[in-house]
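Residue numbers (my numbering), protein chains in the order written: chain A, -7 to 368; chain B, 5 to 146. Note that beta-carbon positions come from the ideal geometry of N, C-alpha and C, so glycine has one too. Take a look at the structure below.
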C-alpha cells in the first residue's frame, strides 16, 4: 500500500456568511488548498465532499461547477459530525489503494443560527422533552454526569475546559470566537443542560475547509512532508446503554487503538491533539478515551494545565469546537488543517513548538468516530 | 338519528409502552434468547451476539434506579423548560431514556442511584385527536 501525504490545506474563518452559500464557501476553501499544494484542478483525480444539511444536493459536483468540471469521480458523504473527517479518510483510502495520486477532500457547512434544532419531526407526535432528550446538549450533559458519577469529576473541572479552549482561540485568527472567558464567567453563564453552561457548548457557525491528499511519489515531487500515519473510522459497537445514552467512549477507544497501532506510536508520542469538544464535558472523557491520561484522571489533567498550550500534551490549541466553532461537515477537515499548520511550524501565536506528531479526533453521534494521526 | 362521535382512544407515545384496560401501564422489551441482551423495540437480529433470535417479549419492572440525569434549560421551540431528564436502569438489564417528574429541577434534589418508578400522563393529542399517553419516572416516595 502506498503512503498518503497532505500536500495542501485551506480553511475559511468560521462565522456567519448569510450572503453566501455552501457551494461558494467550499469552492473558496478548495482553491486555497490547491494553491497551498501548488496544484490545480487538472491534477485532481478524485473529490470527496462532506456536507450534512444539504446532503441531497450534490454539493461536490456543484463546487466543481465553480472551480473546474473535469469529469473526475465525485463522492458526497455524510456521517453526522464526522462527515468532514470521513471525506478526508476516503481520500486517504483511495490514495493508499493506488487508485489515484491526488485527491481533494472538502468539508463545508452553512448552519444558520438554529443548527440541529431546526429539524422537524415526521410522526406528528412530539417526544423531545416528553420522554427524555435525545438532543446533543442533554446527551453530552449526561455523558459528563456519567464521568462525575464514576470519578467525582466536578462542574468546575468541566468548566475549565471552556476556559482553556476560549483562551487558546484568542491566538487563532480563523476562530469564530476569540474572547477569553474566566472560570467565574463560564460558571455564571446561562445553563443549557446541567452541567454545561452556554460557554461550555460549541456555537453554530458556517465554515469550509479542504485538504489535498497525495501519494508518496507526488509528495516527493511537491516537497510535501506531512504524512498520514493513520486514518481510522469506527462505528458504535453494542454496549450496555448505547441505545438510550449514546456511548461516545467505546468507539473512540476502538478507533484510537487501531490508529496508534497503524501509526506505530502511542499517546506519549503525540505533540498535540485536536479532539471533539462539542461540549466541555466531552473533552474530559476523551482525555481518557485517547489515552492521554489514566482512567479517572481527566479532571486532574485539566486542573494541572497539562492540556493547555505549553503543557505536557496541548489539546485544542485552535480553540476547539467550543470557540473555533463547529460547522458540522467542515469540522473534520478543519482539524486536519490545524494539525498541518503545527507540523509545518506555521501556526503562528499558537504554535506547539517542535510539533512532529498530531492527532485529530471527531465523533458523529449515531455514531461514527474518526481518529487521524499526521506526522513529519 | 344521533351522531356517533368517533371514539377517542388512548395511544402510547412509543410502541414499548403498554396501556392495559385492567391494570397499570408498563414497559415491554425484546430479549434475545441466545445472549439475554434486552432491547426497547424490535430487532431483526441481536446487536450484541448477532443471533437471529428468537426474541421474547418481557414485561419490565415499574421500578428502577436513576443512572445519570441532567436539567435541560434550552430545547426545541414550544418545549417548556427547565425539565429533568435521565437514564433509568431497570432490573431486567435494560435502560430507559426518560423525563423525571415530581422532582424540582435542582441538582440538590437529584442523586445517582436514587430509586424511581414509572408514571404516565396524557402528553398531547395526535393528528386523529387521540390522547397520546407518555411515560416518565418519578422518585419513589415510600
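Since residue i is in the beta strand (DSSP E), which residue starts that stretch and which ends it?
{"i": "residue 334 of chain A", "result": "Careful: residue 334 of chain A lies outside any beta strand (DSSP E), inside the alpha helix (DSSP H) at 320 to 335."}
{"i": "residue 367 of chain A", "result": "360 to 367"}
{"i": "residue 96 of chain A", "result": "94 to 101"}
{"i": "residue 183 of chain A", "result": "183 to 185"}
{"i": "residue 271 of chain A", "result": "Residue 271 of chain A -> no beta strand (DSSP E), and no H or E assigned at all."}
{"i": "residue 219 of chain A", "result": "218 to 227"}
{"i": "residue 56 of chain B", "result": "Unbroken run through residue 56 of chain B: none, as it is neither H nor E."}
{"i": "residue 139 of chain B", "result": "135 to 143"}
{"i": "residue 123 of chain B", "result": "119 to 129"}
{"i": "residue 74 of chain B", "result": "67 to 76"}
{"i": "residue 15 of chain A", "result": "Taken as a continuous stretch (DSSP letters only), residue 15 of chain A belongs to no beta strand (DSSP E), being part of the alpha helix (DSSP H) at 14 to 29."}
{"i": "residue 16 of chain B", "result": "14 to 16"}
{"i": "residue 87 of chain B", "result": "87 to 94"}
What residues of chain B sit near residue i, judged by a beta carbon separation below 7 Å?
{"i": "residue 119 of chain A", "result": "17"}
I'd like to know whether the C-beta of residue i is nearer than 9 Å to at least one C-beta of chain A.
{"i": "residue 145 of chain B", "result": "no"}
{"i": "residue 101 of chain B", "result": "yes"}
{"i": "residue 33 of chain B", "result": "no"}
{"i": "residue 22 of chain B", "result": "no"}
{"i": "residue 122 of chain B", "result": "no"}
{"i": "residue 41 of chain B", "result": "yes"}
{"i": "residue 95 of chain B", "result": "no"}
{"i": "residue 29 of chain B", "result": "no"}
At least one CB of chain B closer than 9 Å to the CB of residue i: is that the case?
{"i": "residue 358 of chain A", "result": "no"}
{"i": "residue 186 of chain A", "result": "yes"}
{"i": "residue 195 of chain A", "result": "no"}
{"i": "residue 138 of chain A", "result": "yes"}
{"i": "residue 183 of chain A", "result": "yes"}
{"i": "residue 310 of chain A", "result": "no"}
{"i": "residue 161 of chain A", "result": "no"}
Does any C-beta atom of chain D lie closer than 9 Å to the C-beta of residue i?
{"i": "residue 38 of chain A", "result": "As a matter of chain content, chain D is missing from the structure shown, whose protein chains are A and B."}
Run down chain A in chain order and give the residues with a C-beta less than 7 Å from the C-beta of residue i.
{"i": "residue 116 of chain B", "result": "141"}
{"i": "residue 138 of chain B", "result": "122 and 123"}
{"i": "residue 91 of chain B", "result": "134, 233, 236 and 237"}
{"i": "residue 83 of chain B", "result": "120 and 121"}
{"i": "residue 111 of chain B", "result": "186"}
According to the Cβ coordinates, are residue i and residue j closer than 9 Å?
{"i": "residue 187 of chain A", "j": "residue 151 of chain A", "result": "yes"}
{"i": "residue 44 of chain B", "j": "residue 31 of chain B", "result": "yes"}
{"i": "residue 271 of chain A", "j": "residue 314 of chain A", "result": "yes"}
{"i": "residue 364 of chain A", "j": "residue 223 of chain A", "result": "yes"}
{"i": "residue 68 of chain A", "j": "residue 42 of chain A", "result": "yes"}
{"i": "residue 105 of chain B", "j": "residue 141 of chain B", "result": "yes"}
{"i": "residue 125 of chain A", "j": "residue 76 of chain B", "result": "yes"}
{"i": "residue 22 of chain B", "j": "residue 135 of chain B", "result": "no"}
{"i": "residue 242 of chain A", "j": "residue 73 of chain A", "result": "no"}
{"i": "residue 133 of chain A", "j": "residue 74 of chain B", "result": "yes"}
{"i": "residue 317 of chain A", "j": "residue 197 of chain A", "result": "yes"}
{"i": "residue 348 of chain A", "j": "residue 263 of chain A", "result": "yes"}
{"i": "residue 123 of chain A", "j": "residue 91 of chain B", "result": "no"}
{"i": "residue 80 of chain B", "j": "residue 121 of chain A", "result": "yes"}
{"i": "residue 51 of chain B", "j": "residue 41 of chain B", "result": "yes"}
{"i": "residue 131 of chain B", "j": "residue 94 of chain B", "result": "no"}
{"i": "residue 218 of chain A", "j": "residue -2 of chain A", "result": "yes"}
{"i": "residue 55 of chain A", "j": "residue 39 of chain A", "result": "yes"}
So which residues of chain B does residue i contact, with C-beta pairs closer than 8 Å?
{"i": "residue 130 of chain A", "result": "74, 76 and 89"}
{"i": "residue 167 of chain A", "result": "The contacting residues do not exist; residue 167 of chain A stays about 23 Å from chain B at best."}
{"i": "residue 192 of chain A", "result": "The contacting residues do not exist; residue 192 of chain A stays about 12 Å from chain B at best."}
Tell me which residue opens and which closes the alpha helix (DSSP H) that residue i is part of.
{"i": "residue 306 of chain A", "result": "Premise fails: residue 306 of chain A is in no alpha helix (DSSP H) and is neither H nor E."}
{"i": "residue 88 of chain A", "result": "75 to 88"}
{"i": "residue 158 of chain A", "result": "147 to 161"}
{"i": "residue 55 of chain A", "result": "51 to 59"}
{"i": "residue 209 of chain A", "result": "208 to 214"}
What residues of chain A sit near residue i, judged by a beta carbon separation below 8 Å?
{"i": "residue 131 of chain B", "result": "116"}
{"i": "residue 119 of chain B", "result": "Ordered by position in chain A, no residue passes the 8 Å Cβ test against residue 119 of chain B, which lies about 16 Å from the chain."}
Does the ligand NAD have a heavy atom nearer than 8 Å to the CB of residue i?
{"i": "residue 139 of chain B", "result": "Absence of the ligand NAD from the depicted structure is noted, as is the absence of any ligand whatsoever, leaving it without description."}
Anything in chain B within Cβ reach of residue i, meaning under 9 Å, just list it in chain order.
{"i": "residue 126 of chain A", "result": "101"}
Chain-ordered residues of the stretch 220 to 245 of chain A with a beta carbon less than 8 Å from chain B: 230, 232, 233, 235, 236 and 237
The stretch 51 to 78 of chain B: positions lying closer than 8 Å to chain A by Cβ: 51, 52, 71, 72, 73, 74, 75, 76, 77 and 78
Short-range partners of chain B found in the stretch 10 to 28 of chain A, where Cβ spacing is below 9 Å: none
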